[in-house]
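Colleague:
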Amino acid sequence: SSRRRATLPTILVFMTVAAAIGRCTASLIPKNCGLPAAFVFVSRRAPRPGVGRFITPGLLSPHHALRNYHRRFSPPLFAEVESEAEAGSVPDEHLPLNVPGLRKETDRLILRCQKKLVKANDRLSASLSKWSSSEEYLTAPDPSSLAAPETVSSAEENISELRDRLAGLNNLQAALAPLKGKASPIPDGALALIASLGVSDAPPVRAPSGPKKTKGPARLDSTRLPYRRFYSEDGTEIRVGKSAPDNDVLSTDPAHRDGRDWWMHASGCPGSHVVIRCHEELGDATVADAAALAASYSRFKNQGTVKVNLCKCRDVSKPFGAKPGLVMLRGDTRTVKVDTREGAKRIERLDKTCLVN
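When you line the sequence shown up against the numbering used here, it's residues 402 to 758, in that order.
(1) Any beta carbon from chain D within less than 8 Å of PRO725's own beta carbon?
(2) What are the start and end residues of the beta strand (DSSP E) that includes TYR628?
(3) Looking only at DSSP bridge pairs, what is HIS657 linked to?
(4) Note down the Cα distance separating ALA692 from VAL739, rounded to an integer number of angstroms.
(5) For GLU638, which of helix, strand or coil comes out of DSSP?
(6) Can you find the residues in the same chain that come closer than 6 Å, C-beta to C-beta, to ILE748, ignoring five residues on each side of it along the sequence?
(7) Which residue comes first and which comes last in the beta strand (DSSP E) that contains LEU498?
(8) Less than 8 Å between the C-beta atoms of LYS702 and THR736, yes or no?
(9) Have a look at ARG504 and ALA521 and give me their C-alpha separation to the nearest angstrom.
(10) Whose CA, out of LYS613, GLY636, SER633, ASP716, lies closest to the CA of ASP662?
(11) Smallest Cα separation from ASP733: which of CYS712, LEU727, LYS753?
(12) Are the segment 520-540 and the segment 558-573 touching by the rule of at least three beta carbon pairs closer than 8 Å?
(13) If you drop the 5 nearest sequence neighbours on each side, which residues of the same chain put their C-beta closer than 8 Å to that of ASN571?
(14) Among residues of its own chain, excluding the 5 on either side of ALA645, which ones have a beta-carbon nearer than 7 Å to its beta-carbon?
(15) Give the secondary structure of GLY722 by DSSP, where H, G and I count as helix, E and B as strand, and everything else as coil.
(16) Given VAL641, which residues of its chain have a CB within under 7 Å of its CB, disregarding the five upstream and five downstream residues?
(17) Let me confirm a value: VAL707 is counted as buried when at least 16 other C-beta atoms fall within 10 Å, else exposed. Which label applies?
(18) For ASP740, does the three-state DSSP call read helix, strand or coil?
(19) So, helix, strand or coil for LYS614, using DSSP?
(20) Tell me the rounded alpha-carbon separation between PRO544 and SER528.
(21) Is it right to say ASP759 is buried, meaning 16 or more other beta carbons lie within 10 angstroms of its own, or is it exposed?
(22) At the level of alpha carbons, what is the spacing between VAL728 and SER668?
(23) The beta strand (DSSP E) that contains GLY600, what's its start and end?
(24) For TYR538 and LYS517, what's the separation of their Cα atoms in angstroms?
(25) In whole angstroms, what is the alpha-carbon distance linking THR637 and GLY722?
(26) Considering only the alpha carbon of each residue, which of ASP685, ASP659, VAL757, ALA584 lies closest to CYS714?
(27) So, using beta-carbon positions, are PRO501 and LYS614 closer together than 8 Å?
(28) Starting from VAL709, trace the beta strand (DSSP E) both ways and give me its first and last residue.
(29) Have a look at THR687 and VAL606 and give me their C-alpha separation to the nearest angstrom.
(30) Among residues of its own chain, excluding the 5 on either side of ARG564, which ones have a beta-carbon nearer than 8 Å to its beta-carbon?
(31) Quick check on DSSP: helix, strand or coil for VAL553?
(32) Could you check where the alpha helix (DSSP H) with ALA696 kicks off and where it finishes?
(33) Would you say ALA591 and LEU577 are within 8 Å of each other, going by their C-beta atoms?
(34) For ARG735, which of helix, strand or coil comes out of DSSP?
(35) Would you grab the beta carbon distance between ASP685 and SER633 for me? Rounded to a whole angstrom, and I think it's under 8 Å.
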């Protein structure tokens with residue numbers, strides 16, 4: 402027990418000295434070094450970071466604390482230096498050129514230069530033709546003494562530049578032909594042509610394409626309407642139902658027709674309802690156009706003659722419980738006869754005015 406009492410003060414003294422040494426070590430480390438205040442160092446006995454015994458900074462000697470500090474922060478610094486050394490790549494002019502890529506790009510530039518040369522010759526021919534037919538050229542006593550206009554001079558200069566470029570590209574193509582392999586040494590003459598003509602061993606980067614166009618017929622509005630719209634020669638709007646349920650909406654809904662509008666339908670057979678947006682008496686041409694549409698959008702469209710009923714929209718009603726498309730007429734109703742062969746010409750003209758929503 403006496404030995405235990407003697408050991409306890411010794412342990413306390415050792416812990417006090419260790420804490421003091423730890424505080425001195427912390428004072429030696431700069432404040433802006435990035436070392437966190439509650440940093441935990443791994444002891445030498447730990448096989449790898451994160452496994453083993455952990456000792457607080459206050460219980461480490463100055464040598465151990467500095468050594469662990471350098472172990473903690475030195476690797477990122479060295480890694481950063483290595484990454485900077487790796488980032489310093491070899492300049493582009495010292496890299497070997499890709500011979501097959503040069504051949505392919507040279508062929509592309511030759512074809513492009515030939516196309517430009519053809520267009521430039523066409524522009525020169527057009528400019529010369531326009532100049533030779535001008536009043537100044539025709540009235541001049543000696544047309545050969547006249548100075549050529551600016552359009553002719555610029556076209557001739559453009560053609561001269563294109564011919565020189567095409568000759569250089571052909572020489573480069575001939576110089577690259579005997580080379581074999583991707584990294585074959587390129588002669589100095591070919592290198593000079595590559596530099597002067599601006600030829601690369603890779604094709605140019607294409608600009609991103611714009612938004613794709615939507616396919617299909619253009620629609621005026623996203624809202625669907627239960628009818629197609631046609632216009633007669635005098636500009637009167639004629640509405641033709643798309644289906645049997647759409648016929649009920651067109652013929653009975655005040656949002657799509659008025660009571661004083663005119664209504665037509667092929668007599669004795671299923672077909673589309675036709676509404677003529679006019680409150681006054683109809684002209685013969687408008688009646689013929691609407692009757693031709695009613696006959697064309699009915700089951701009797703292939704017959705020679707079709708009878709079509711004509712009345713006011715206020716005289717059209719929907720019986721209770723009737724199937725879609727079935728309506729009842731009352732009041733004054735007229736009948737118009739349509740010759741389908743003559744009506745085909747009207748339908749061809751009306752189709753050009755058709756609007757579908």
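Yeah, the Cβ is synthetic: ideal placement off N, Cα and C, and Gly gets one too.
Modeller: The structure says:
(1) The chain labelled as chain D is not found in the depicted structure, where only one protein chain is given.
(2) Stepping through the sequence shown from its first residue, residue 628 is reached at position 227. TYR628 -> beta strand (DSSP E) spans 628-632.
(3) What you label residue 657 is simply residue 256 of the sequence shown in a count that begins at 1. None; HIS657 has no bridge partner.
(4) Taking the sequence shown and counting its residues from 1, the one referred to as residue 692 is at position 291. Taking the sequence shown and counting its residues from 1, the one referred to as residue 739 is at position 338. Taking the straight line joining both Cα atoms gives about 7 Å.
(5) Reading the sequence shown from its first residue, position 237 is the one you call residue 638. Of the three classes helix, strand and coil, the one that applies to GLU638 here is strand, per DSSP.
(6) Here the question's residue 748 lines up with position 347 in the sequence shown. Excluding positions up to five away in sequence, the list reads ALA693, SER697.
(7) By one-based count along the sequence shown, residue 498 stands at place 97. From DSSP, LEU498 is part of no beta strand (DSSP E); its letter is neither H nor E.
(8) As a first step, residue 702 is located in the sequence shown; it is residue number 301 there, counting from the start. As a first step, residue 736 is located in the sequence shown; it is residue number 335 there, counting from the start. Not closer than 8 Å, so no.
(9) Against the sequence shown, residue 504 aligns to sequence position 103. Against the sequence shown, residue 521 aligns to sequence position 120. Here the alpha carbon of ARG504 sits roughly 26 Å from the alpha carbon of ALA521.
(10) The residue labelled residue 662 in the question sits at position 261 within the sequence shown. ASP662 has its Cα closest to that of ASP716, out of LYS613, GLY636, SER633, ASP716.
(11) As a working mapping, residue 733 is identified with position 332 in the sequence shown. Closest in alpha carbon position to ASP733, among CYS712, LEU727, LYS753, is CYS712.
(12) The segment 520-540 vs the segment 558-573: in contact.
(13) On the sequence shown, position 170 is the one that residue 571 refers to. Within the same chain, Cβ atoms closer than 8 Å to the Cβ of ASN571 are found at ILE511, the five residues on either side in sequence being excluded.
(14) Reading the sequence shown from its first residue, position 244 is the one you call residue 645. Excluding positions up to five away in sequence, the list reads PRO725, GLY726.
(15) Here residue 722 corresponds to residue number 321 of the sequence shown, with the count starting at 1. Residue state for GLY722 is assigned as coil, using DSSP reduced to three classes.
(16) Taking the sequence shown and counting its residues from 1, one reaches residue 641 at position 240. Closer than 7 Å at Cβ, skipping near neighbours: TYR628, ARG629, PHE631, SER673, VAL675, LEU694, TYR698.
(17) For the purposes of this step, residue 707 is identified with residue 306 of the sequence shown, where counting begins at 1. Buried is the call here.
(18) Taking the first residue of the sequence shown as 1, we reach residue 740 at position 339. In the structure shown, ASP740 adopts extended strand secondary structure according to DSSP, grouped into three states.
(19) Numbered from its first residue, the sequence shown carries residue 614 at position 213. The three-state secondary structure of LYS614, taken from DSSP, is coil.
(20) Walking along the sequence shown from the start, residue 544 turns up at place 143. Walking along the sequence shown from the start, residue 528 turns up at place 127. Between PRO544 and SER528, the alpha-carbon positions lie close to 15 Å from each other.
(21) Any property of residue 759 remains undetermined from this structure, which presents the chain solely from 402 to 758.
(22) For this step, residue 728 is matched to residue 327 along the sequence shown. For this step, residue 668 is matched to residue 267 along the sequence shown. Roughly 12 Å between the two C-alpha positions.
(23) Here residue 600 corresponds to residue number 199 of the sequence shown, with the count starting at 1. Here the sequence assigns Val to residue 600, which means Gly is not the residue at that position. Counting along the chain, VAL600 falls outside any beta strand (DSSP E), and DSSP gives it neither H nor E.
(24) Residue mapping note: residue 538 aligns to position 137 of the sequence shown, counting from 1. Residue mapping note: residue 517 aligns to position 116 of the sequence shown, counting from 1. One C-alpha to the other measures close to 29 Å.
(25) As a first step, residue 637 is located in the sequence shown; it is residue number 236 there, counting from the start. As a first step, residue 722 is located in the sequence shown; it is residue number 321 there, counting from the start. Each residue's Cα considered, the two are about 34 Å apart.
(26) In the sequence shown, the residue the question calls residue 714 occupies position 313. The residue among ASP685, ASP659, VAL757, ALA584 with its C-alpha nearest the C-alpha of CYS714 is ASP659.
(27) One-based indexing of the sequence shown puts residue 501 at position 100. One-based indexing of the sequence shown puts residue 614 at position 213. It is not a contact, given that the beta carbons lie outside the stated cut-off.
(28) Residue mapping note: residue 709 aligns to position 308 of the sequence shown, counting from 1. Run containing VAL709: 706-713, per the beta strand (DSSP E) assignment.
(29) Mapped onto the sequence shown, residue 687 falls at position 286. Mapped onto the sequence shown, residue 606 falls at position 205. In a straight line, the C-alpha of THR687 is about 60 Å away from that of VAL606.
(30) Sequence index remark: in the sequence shown, residue 564 carries index 163 (1-based). Sequence-distant partners of ARG564 (beyond 5 residues in either direction) whose C-beta falls short of 8 Å from its own C-beta, in its chain, are LEU518.
(31) By 1-based counting over the sequence shown, the position of residue 553 is 152. Residue state, collapsed to three classes: helix.
(32) Along the sequence shown, read from residue 1 onward, the residue named residue 696 stands at position 295. Membership of ALA696 in the alpha helix (DSSP H) is indicated by the continuous run 685-697.
(33) Position 190 of the sequence shown, counted from the start, is the residue given in the question as residue 591. Position 176 of the sequence shown, counted from the start, is the residue given in the question as residue 577. Cβ atoms of ALA591 and LEU577: closer than 8 Å.
(34) Counting from one through the sequence shown, the residue named residue 735 turns up at place 334. For ARG735, the secondary structure class from DSSP, reduced to helix, strand or coil, is strand.
(35) As a first step, residue 685 must be located in the sequence shown, where it is residue number 284. As a first step, residue 633 must be located in the sequence shown, where it is residue number 232. The beta-carbon distance between ASP685 and SER633, rounded to whole angstroms, is 11 Å. This is too long to meet the 8 Å contact definition.
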